[in-house]
Amino acid sequence: MTKPIAERSTNYGAVGATGHFDFHRFPPKGFEVVQKRSRIGHGRPRYDAAVAALRTWKIQRLAGIEVDIVGTDEGTVYRPVGFDGTEATRAASIEPQQDFGPDGEPFLQPGDSVDQRIRIAGVQVHAPMRVIAVEEEPSSHVVIIGSLEGHPLAGEERFTVEIADDETVFLHFRAIVRHDAWWVKLGGPFARALRRRYHDRFMDVLRSIDVR
């Protein structure tokens with residue numbers, strides 16, 4: 007029997023690697039590095055709309071990926087422990103604060119899992135992932151997601167929506183990725199081209215969102 011997505015582990019070991027400032031110079035062995043940056047608009051309404059899209063899986067859906075959400079269980083979410091010297095600065099498990107997008111859709115939370123699906127030559131491919139972390143700052147918003155057991159690729163994606171001092175809004179995309187399934191390794195060039203197509207779509211779709 008296939009293990010439920012909520013019970014699966016990540017299929018890569020370097021969880022959180024995309025958050026390291028020097029990740030592109032020293033990626034985990036066997037992983038490719040992807041970095042993209044795109045201007046997606048201007049003004050605080052554009053920024054807020056992009057953040058809402060980021061937190062509701064709209065980026066993936068607009069890029070042509072089907073997404074089924076598996077929420078966290080038991081009223082808690084995972085949050086990494088930080089340290090100040092030898093003292094822990096925050097707990098590893100917190101009560102979730104549920105926020106919602108403008109259309110009423112709940113925002114994703116750390117620990118949430120999804121089953122992403124795309125079609126290749128008429129065959130549906132499942133690509134389960136989990137929200138590793140969410141980072142909120144006054145001028146930026148970050149969501150990091152990692153691949154789970156059963157994903158044909160292994161790796162991590164980091165999406166950052168940022169508003170500059172002149173209110174220009176950018177999307178930054180970072181990823182580490184490795185072909186994991188045998189059939190993906192076999193079709194390496196095709197898999198890379200398909201992957202690049204979706205990564206490019208991520209950079210484009212936020213410009214299409216209506217800002218009211």
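Numbering (the working numbering), first residue to last: 7 to 218. Every residue gets a Cβ at the ideal spot worked out from N, C-alpha and C, and that includes glycine. These numbers come from a predicted model, not from an experiment.
- Environment of Trp63 [buried if 16+ CB atoms lie within 10 Å]: Buried, by the Cβ-count rule.
- Could you say if the region 158-171 and the region 138-150 meet the contact criterion of at least three C-beta pairs nearer than 8 Å? yes
- Task: Could you spell out the range, first to last residue, of the beta strand (DSSP E) harbouring Asp121?
- Result: From DSSP, the beta strand (DSSP E) with Asp121 extends over 119-126.
- Local conformation of Val194 per DSSP, three classes: The amino acid occupying residue 194 in the given sequence is Gly; Val does not appear at that position. Correct three-state label for Gly194: helix.
- What is the residue span of the alpha helix (DSSP H) that Val57 lies within? For Val57, the uninterrupted alpha helix (DSSP H) segment begins and ends at 50-61.
- Query: So, is Gly152 buried or exposed, given that buried needs 16 or more other C-beta atoms within 10 angstroms?
  - Reply: buried
- Of the choices His178, Ile75, Phe29, Ala20, whose alpha-carbon is the least far from that of Arg123? For the residues His178, Ile75, Phe29, Ala20, the minimum Cα distance to Arg123 belongs to Ile75.
- Query: Do the CB positions of Arg43 and Leu192 come within less than 9 Å of each other?
  - Reply: no
- Task: With DSSP as the reference, label Arg67 as helix, strand or coil.
- Result: helix
- Inspect the beta-carbon positions of Ile182 and Thr16 and report whether they are closer than 9 Å. no
- Item | Contact check, Ala58 vs Val211, beta carbons under 9 Å | no
- Going along the chain, which residues of its own chain have a beta-carbon closer than 8 Å to the beta-carbon of Asp121, five neighbours each way excluded? Ile11, Val73, Asp74, Val76, His132, Ala133, Pro134
- Query: In this structure, what does DSSP give as the bridge partners for Pro209?
  - Reply: Residue identity check: residue 209 is Met in the sequence provided, not Pro. Partner(s): none; Met209 has no beta bridge.
- Hey, how far is the Cα of Thr8 from the Cα of Glu155? 10 Å
- Relative to the C-alpha of Phe113, which residue among Thr174, Tyr18, Asp54, His48 is closest? Asp54
- Endpoints, the beta strand (DSSP E) within which His26 is located: Boundaries cannot be given for His26, as no beta strand (DSSP E) includes it and DSSP labels it neither H nor E.
- Query: Is it right to say Asp118 is buried, meaning 16 or more other beta carbons lie within 10 angstroms of its own, or is it exposed?
  - Reply: buried
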